[in-house]
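Take a look at the structure set out below.
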Amino acid sequence: MAAGKLVVHPIRNHIDNQARQLVNWVVEVATPHHAERDWNRPGRVEDFIDRFADWHFDWLDVPELFRASGTIREYPMVDQDPLPWWGRGRVTLLGDAAHPMVPRGSNGAGQAILDAGCLAEAIVQHGDVAEAFIAYESVRRPATAAVVQANRTNPPDAVLREVYERTGPNSPSNASRT
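Per the working numbering, the sequence shown starts with residue 5, numbered consecutively.
Set out below in structure tokens:
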């Protein structure tokens, strides 16, 4: 079974009289392609818990974290081919609406922030909103299209993959130890 990736980050300390902590967690695992893009689809712990069955740390029991969760959602990680245009006249797109991309490494959020900065600069520079939107799109559309395309050939987790290949159980360095 292929490995998964887990990200856990705290939300709030001492949420009850047992001094428990509220956390958000995200599991990333490859699954079959879903034709329907539903970002509110209920998730099922049975679909992924086996991948993490032996993930027990002195500070976190991962399978127990999953079992204790009140709500689990399944979010498809998708991108789109770059759009030929983002706006017309006084209407334009920004962020994921303009350039949906796989949300790893915060690249979608980072690109949205860059969009906003570029758009603000264009509005200040051009004054006319329609002209500013054209200028903004001429800078940001090629840049974000390049990120989408690059993520398809060398995803943000490329460094993690390389480390695993060099140090994982079947790596040359570990094979010589047996």
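Glycine residues also receive a C-beta, built at the ideal position from the N, C-alpha and C atoms.
Close Cβ partners of residue i (< 6 Å) along its chain, the five nearest in sequence each way excluded
| i | result |
| --- | --- |
| Ile127 | Ala136 |
| Tyr140 | Cys122, Leu123, Ala126 |
| Leu26 | Ile15, Arg16, Ile19 |
Cβ-Cβ separation, residue j to residue i (assumed contact under 8 Å), whole Å
| i | j | result |
| --- | --- | --- |
| Arg55 | Ala23 | About 30 Å separates the two Cβ atoms, so there is no contact after all. |
| Leu87 | Ala102 | 7 Å |
| Leu64 | Val12 | 7 Å |
| Arg41 | Trp90 | At roughly 20 Å, the Cβ-Cβ gap does not stay under 8 Å, so Arg41 and Trp90 are not in contact. |
Short Cβ contact (8 Å threshold) for residue i with residue j
| i | j | result |
| --- | --- | --- |
| Pro36 | Ile53 | no |
| Asn155 | Met105 | yes |
| Ile15 | Asn28 | yes |
| Ala72 | Leu98 | no |
| Asp100 | Gly114 | no |
Residues bridged to residue i (per DSSP)
| i | result |
| --- | --- |
| Asn28 | His13 |
Contacts around residue i, its chain only, beta-carbon distance under 7 Å, and the 5 residues preceding and following it disregarded
| i | result |
| --- | --- |
| Gly93 | Ala134 |
Inter-residue Cα distance where the pair is residue i and residue j
| i | j | result |
| --- | --- | --- |
| Trp43 | Arg77 | 8 Å |
| Lys9 | Asp85 | 26 Å |
Spatial neighbours of residue i in its chain, beta-carbon cut-off 8 Å, leaving aside the 5 residues before and after
| i | result |
| --- | --- |
| His130 | Ala136, Ala139 |
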